[in-house]
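The structure under discussion appears below in the form of structure tokens.
In the working numbering, the protein residues as written are 133 to 250.
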């Protein structure tokens, strides 16, 4: 079972930037697609971005052009660079690991709070 530990959340002003990190352990990192999801108060968890092991990247329309996902297969870490932040980006951000072969395990981090002030 993967252990995912997020860091880098905090408070930013509108128009500012934050960089989230997610360190993975207990898995063969290169066998997993890594992703970021977020959940704002009273809203459902939603996809932010994913990065497969083969390099396919998908972004939510809400963050496309502002956020950048990347991964380091040596450090077993995935990153989310968030630029041009808006108050609507305020949420708890969760790291996600999805195994790309059987048994297709899915693991979640504990989440890190991102708050953007106007």
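Every residue, glycine too, gets a C-beta built ideally from N, C-alpha and C.
Counted as a single uninterrupted DSSP element, the beta strand (DSSP E) harbouring residue 246 occupies residues 244-249. Residue 241 is a Cβ neighbour of residue 136, given a cutoff of 8 Å.
Residue 205 sits exposed, since fewer than 16 C-beta atoms from the chains shown fall within 10 Å of its C-beta.
Of all alpha-carbon atoms in 134, 150, 243 and 155, the one lying nearest the alpha-carbon of residue 198 is that of 150.
The Cβ neighbour count for residue 201, taken over all protein chains shown within 10 Å, is at least 16; the residue is labelled buried. For residue 206, there is no enclosing beta strand (DSSP E), as DSSP gives it neither H nor E. Counted as a single uninterrupted DSSP element, the stretch harbouring residue 133 is not any beta strand (DSSP E), since DSSP gives it neither H nor E. Here DSSP, grouped into helix, strand and coil, assigns residue 178 to strand. A distance below 6 Å between beta-carbons, with the five flanking residues on each side excluded, links residue 148 to the following residues of its chain, in chain order: 217. With fewer than 16 other beta carbons inside 10 angstroms of its own, residue 160 counts as exposed.
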